[in-house]
Amino acid sequence: MGVCCVLYAVSDENIAQCLADPPLVWRVVEAEDESAYLDELASQSKVPLLARLFGKGGPKPEARTLRFSAPELHEADLDKSWDGLRACLKRLAPDVPDFFEGSGPIGEVEVGYGPALYHLGETVQRIGRAHAPVSEAALLDTYRSLDHAGLYPKGLWQRQDDEVDAYLVDNFLVLRAFLQHAAQHSLGVVLRFT
């Protein structure tokens with residue numbers, strides 16, 4: 008167990024719809040299973056007991072859908088590498104936003120450990136351009152020079168061996184490929200920590 012990070016490529020238009028109607032984020036992070044979305048709608052439309060006793064009911068929420076283009080919902084699972092990547096990339100590209108902090112939350116809908124976060128396409132392109140020239144060697148050199156004391160998960164990053172190096176590099180390559188895909192299609196990203 009632990010906190011893992013999963014990324015979803017999503018258009019700015021669909022992110023805007025999620026920001027306006029946060030339960031829609033379930034249509035992104037659980038695209039194949041609408042039950043989480045419907046459960047969220049039901050929980051938000053609960054009428055207080057006193058109102059129900061007096062025969063007052065709230066309006067039934069209307070289930071909505073999002074339309075996704077073919078490149079959308081491209082997914083990347085970074086497992087527990089996200090904090091190690093964050094620390095390295097923050098040092099290697101200090102002038103761009105911290106990818107893992109997102110530009111903000113999508114409402115207050117809990118989709119794991121807190122609400123989903125997002126970046127719009129322009130920010131994703133900027134981050135992708137900054138991370139594109141980072142070499143595997145530079146990433147590992149930076150990792151080895153970090154103070155690992157505050158990194159999550161604690162025990163993983165304090166071990167400096169070939170297995171951890173490979174884990175970090177493999178997930179960096181997954182992140183970089185994801186950013187290239189999103190930038191190529193002018194997509195933003197939804198981040199989910201589970």
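Letter by letter, the sequence shown follows residues 8 to 201 of the numbering used here. Beta carbons are placed, not taken as given, at the ideal position from N, Cα and C, and that holds for glycine.
The beta carbon of T72 sits closer than 7 Å to those of R34, all from its chain and outside the five residues before and after it, given in chain order.
D84: not part of any alpha helix (DSSP H); member of the beta strand (DSSP E) spanning E82 to D84, first to last residue. Membership of F200 in the beta strand (DSSP E) is indicated by the continuous run G195 to F200. Rounded to the nearest whole angstrom, the CA to CA distance from D169 to A23 is 42 Å.
Check the Cα spacing between E69 and each of T201, V141 and P30: the tightest is with P30.
In its own chain, leaving out the 5 sequence neighbours on each side, no residue places its CB closer than 7 Å to the CB of A144. Segment contact: the segment 102-115 against the segment 156-164, fewer than three CB-CB distances shorter than 8 Å; contact not assigned. Residue R151 holds the alpha-carbon nearest to the alpha-carbon of R98 among E39, Y120 and R151. L194 is positioned such that its CB atom lies no closer than 8 Å to that of V13. Under DSSP, V131 takes part in no beta bridge, so it has no partner. By the 16-neighbour rule on beta-carbons within 10 angstroms, R199 is buried. Residue burial is scored here from C-beta neighbours: D105 has fewer than 16 other C-beta atoms within 10 angstroms and is therefore classed as exposed. Annotated three-state conformation of L153 is coil, per DSSP. The Cβ neighbour count for G121, taken over all protein chains shown within 10 Å, is under 16; the residue is labelled exposed.
When beta bridges are read from the DSSP output, H138 appears opposite no residue. In the three-state scheme derived from DSSP, where H, G and I count as helix and E and B as strand, A189 is classed as helix.
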